[in-house]
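Below you'll find the structure, written out as structure tokens, and then a few comments.
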Amino acid sequence: MHSTHKGGESRCGMKAEFKEDAYHALSAEDVLAGIEASPTGLSATEAAQRLQLYGPNELPATPARHPVVRFLSHLNNALIYFLLAAAVVTWSLGHFVDASVILAVVLVNAIVGFIQEGKAENALNAIRNMASPQATVMRDGHRSRVSVADLVPGDMVLVEAGDRVPADLRLMHARGLLIEEAILTGESVAAEKREDPVPVEAALGDRTSMAYFGTMVAAGQGSGVVVATGVKTEIGRISTLLGSVQELTTPLLRQINRFARRFTWVTISGAVLLFLFAVFARGFAWPDALIAIVALSVGLVPEGLPAVITITLAIGVRRMAARNAIIRRLPAVETLGATSVICSDKTGTLTRNEMTVRRIVVCNDEILVSGSGYSAEGEKLFEDEGSEMFPDRGHALTLARAGILCNDAHLRKSANGWIVHGDPMEGALVTLAMKAGFDPENIRAEWARVDEIPFDAQHRFMATLNQVPHGQKVILVKGAPERLLEMCSMQAGEDGQVPLDPGYWTVRIAEAAAEGERILGFAMKPAPASACRLSFGEIEKDLIFLGIMGFIDPPREEAVAAIAECHAAGIAVKMITGDHAATAAAIASQLGLGDNPAALTGHDLDNIRDEMFEATVRETVVFARTNPEHKLQIVRALQRGGAVVAMTGDGVNDAPSLKQADVGIAMGQRGTEAAKEASQMVLLDDNFASIVSAVHEGRTVYDNIRKVVAWTLPTNGGEALTVVTAILFNFTLPMSPVQILWVNMITAVTLGLVLAFEPPERGVMRRPPRAADAGLLSPFLVWRVIFVSLLFLGGALLIFFNALDRGLDVETARTMVVNTIVILEIFYLFNVRYFHMTSLTWRGAMGTSPVLIAIGVVFVAQLAFTYLPIMQRLFATKPVSIADGILIISVGVIAMVILEGEKYLMRRFGLLD
Ligand code: ATP
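So for the sequence shown, this note's numbering puts the first residue at -19; every next one is plus one.
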């Protein structure tokens, strides 16, 4: 084959003696030689140079919408059309000020919406980058995790079940590797991959020696060398974009939009009726009536509400990110607040996932190991012996050696001590081997691995085939001990093999598990020198049981507090683990999940009668030895009972239950790409406490949305009611149309926005979760809207008639009414900041900085409105005396007292919802 490697040779002098497309047909050696790579990977320096040359391994992002288009989209809704029509009508009637103010309302709202939407999108983009995918590669001869964008041709990449293939790879090694390639080939059945070359003319779907960027590993393990990155990959060429676009809507937002649309039509119909009434029954001149009614409708319509709610959600997303919870789909922000059950994994989420081997049990003997963490140094490592030497009793050394050989983890010394690359439990086995005097590198080289069956949560064991130095081969298996006992017929006794004694092991397992230890069993079987492949059939019978090891994995302290917080908040916490029932129960009890809670195993679940299933699942706190299907059954059962379920997961098989849960939560560190993509939220620190923080934020967001609605609707209602009453009862309008428009504009973008920024109320986590199906406009909120609208009407009319009675002119009286409405809105804002407690506290009175800034702006605007000559001309206002100013503020104070009284009574009689 001849060089058609596009520019490859001139750019980095690679021996590009083959067609770029033909990697699948070349032998592994030829590919490595051609791309100047080696099975041990690139050096970090070489990788950095290649990155310069080839650019990041990324596909072009979705083109952002043009800002003008984005801006115009804010004008594209029924409310805005209505307002624009109103502006045209008022303009054509010669009311230029009114028309300009209406246009200003539209513009200001669109600008606020535009800016805030931009911020929300930026926040979501930034967050998406925080959870950006990583790949496992060999760099400088070591396994390491790098960002997918940093991969370069020549990198040696390792993939396993649940990973998205991070670039186009020529496979060097494939073990049970199945890859779903539907996005490329449309084929829904996962393709089986092998390392052997295929004919050069093979179609994409038949290139079994390749793994393509963006496809998903369904099962098995493999490694391959990167042959193309970014736009050069197959997926890059057909320029399909990966990942779904972040949705910017949620059920609540849709509910609000629906409400706003309906409300507009009701308002318009009401306005038409009122117009007819004003003209025919009250004898208004029709242009005057029209302007008044247009202003009224503009005042009533909550045009800013959807934008403010989007902002509230975006703020929630940002606050959650600050607490290590990355929202992948916006609706999760709301749903989190309604969560009534959290189902959590144990290892790493509730516990620290820092494993240490504590106990080794062999036939007739037990060895206790001291030390914590991954360091193998220390005195008297073996307690009972009081010695530093590993006691080789009852094959303990064989066990320790099996532990390091049937193992993929590596330990590396860093400034902060030893750290594990790989599974922490396997890391602990490396430490143990070092404590037993083995040199990990040497022993692994001497007993070279020939083949393996990777660990899988479904079969719960891992097996390797190793070369015995100067001799035969050996199969080593480690896994859940009950599972291994089923596969064994003999056990290693003091003098050679003896028949298996399952009773002895069951007792020893129960003892260790009762201490909360995680237990692993070990077994072996000799194999002939000719053996080179492992098969399930071969290892599932006639193994020789070697013994068990118990690992300690301490509970996370913050998880204990977080669980207590959940209980106070009426949220049930359930532990669902693949671990042993007794271990799970012991850890659950240490975590405060109940006093010695009984654990139900996956096997028990399979045997429960259908009609009992739901109730049993509801009452059980600890589920052990479950597999991913059980998780799905558990979520479904809880949901049938009306629960809103948050569920954690990390493996590829967890994807269905993560999708089924109301909030699927993937682990950011341990989680597979498949789990992350199926979930709504990703936990950056894998920590249970972060879930609870997110629930806390979710509740705050929902409260704030309710506060925004509870403020917006009655303030609009109060203004409108004042004018409607005047028309119905035939007295002078207490506010001119243009004044209504003014109030609406100035408060909508100041006071109307600030509630989105409210911090949580004290005690948010001491209330039960809200009902999942509760509508936003609860009976309490409807009552609030009516009550407060009437209060505003009362305040406005009181000031108006009092002013007229005192002989003040209509202009002054109207100026006072406008100021009264604004003052009432400010006082009501303080009241609504706390739904569940009084606002008459120091904290309540001080407000937050957004509140104070908004009030400052409104205050200055009202001063201008009242005293600035040009404003006086535009809005027909007159200066208000200091005494009248005090009178207006007194009305606000009285309203506040009434509102607080109402809140107290509502709380007292439990009518808040
Ligand atoms: P959780 O679901 O809470 O994370 P878990 O990590 O214990 O629990 P799995 O990873 O499914 O659940 O493990 C189940 C069992 O399989 C473990 O209790 C252990 O006995 C065994 N096991 C776990 N990891 C390995 C491994 N790398 N090799 C062999 N056996 C393992």
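Virtual Cβ for every residue (Gly too), placed ideally from N, Cα, C.
Item	Value
Is the separation between the beta-carbon of SER819 and that of MET876 shorter than 9 Å?	yes
Where are the beta strand (DSSP E) runs, 3 residues long or more, that stay fully inside the region 226 to 297, in chain order?	none
Counting only runs of 3+ residues fully inside the region 442 to 506, write out the beta strand (DSSP E) ranges in chain order.	453 to 459, 468 to 473, 476 to 479
Classify TYR61: buried if its beta carbon has 16 or more other beta carbons within 10 angstroms, exposed otherwise.	exposed
Under 6 Å Cβ to Cβ from PRO36, same chain only, skipping five residues before and after it: list those, please.	ALA129
So, using beta-carbon positions, are ILE499 and GLY530 closer together than 9 Å?	yes
Taking the beta strand (DSSP E) that LYS883 falls in, what are its first and last residues?	Where LYS883 is concerned, there is no enclosing beta strand (DSSP E), although the alpha helix (DSSP H) it sits in stretches over 862 to 888.
With which residues is ARG50 paired in a DSSP beta bridge?	The partner list for ARG50 (beta bridge, DSSP) is empty, contrary to what the question assumes.
Look up SER515 in the DSSP assignment and give the residues it is bridged to.	Paired residue(s): none; SER515 is not in a bridge.
To the nearest angstrom, how far is the alpha carbon of ILE878 from that of ASN811?	10 Å
Would you mind giving the Cβ-Cβ distance between PRO179 and ALA2, rounded to the nearest angstrom? I have them listed as a contact below 8 Å.	Not quite, the Cβ-Cβ distance comes to about 10 Å (not below 8 Å), so this is no contact.
Below 8 Å, can you find three or more Cβ-Cβ pairs linking the region 410 to 425 to the region 545 to 565?	no
My output table needs one value for GLY558: the three-state DSSP class, helix, strand or coil.	coil
Check whether the Cβ of PHE441 lies closer than 8 Å to any heavy atom of the ligand ATP, and answer yes or no.	yes
So, is PRO717 buried or exposed, given that buried needs 16 or more other C-beta atoms within 10 angstroms?	buried
Compare the Cα-Cα distances from ASP584 to each of LEU573, THR600, GLN570, ASP575 and report the closest residue.	THR600
In angstroms, rounded to a whole number, what distance separates the CA positions of PRO506 and ALA565?	37 Å
Taking the beta carbon of GLY775 as the centre, do at least 16 other beta carbons fall within 10 Å, making it buried, or is it exposed?	buried
Cβ of PHE525 within 9 Å of Cβ of CYS468?	yes
Look up CYS323 in the DSSP assignment and give the residues it is bridged to.	LYS554, MET627
Would you mind stating whether VAL85 and LEU55 have Cβ atoms separated by less than 9 Å?	no
Is ALA272 closer than 9 Å to PHE260 when the C-beta atoms are compared?	no
Would you say the beta carbon of ALA635 is closer than 8 Å to some non-hydrogen atom of the ligand ATP?	no
Does DSSP put MET647 in a helix, a strand or coil?	strand
Note down the Cα distance separating ILE801 from ILE874, rounded to an integer number of angstroms.	13 Å
Less than 9 Å between the beta carbons of VAL615 and VAL625, yes or no?	yes
Report yes if the C-beta of LYS458 is less than 8 Å from at least one heavy atom of the ligand ATP; otherwise report no.	yes
Apply the 10 Å Cβ neighbour rule to GLU421 and answer buried if 16 or more other Cβ atoms are within range, or exposed otherwise.	exposed
Within the present structure, is the beta-carbon of ALA437 separated from the nearest heavy atom of the ligand ATP by less than 8 Å?	yes
So, helix, strand or coil for PHE193, using DSSP?	coil
What three-state label does DSSP hand GLY697 in the structure shown?	helix
From the DSSP output, which residues share a beta bridge with ASP345?	VAL342
Using three-state DSSP, classify ALA147 as helix, strand or coil.	coil
Whose CA, out of LEU778, LEU809, ASN684, lies closest to the CA of ILE798?	Inspection of the sequence shows that residue 798 is occupied by Val rather than by Ile. Of the listed residues, the one whose Cα sits closest to VAL798 is LEU778.
Express the C-alpha separation of GLU653 and ARG598 in angstroms, rounding to a whole number.	30 Å
Whole angstroms are fine: how far does the CA of LEU465 sit from the CA of ASP522?	10 Å
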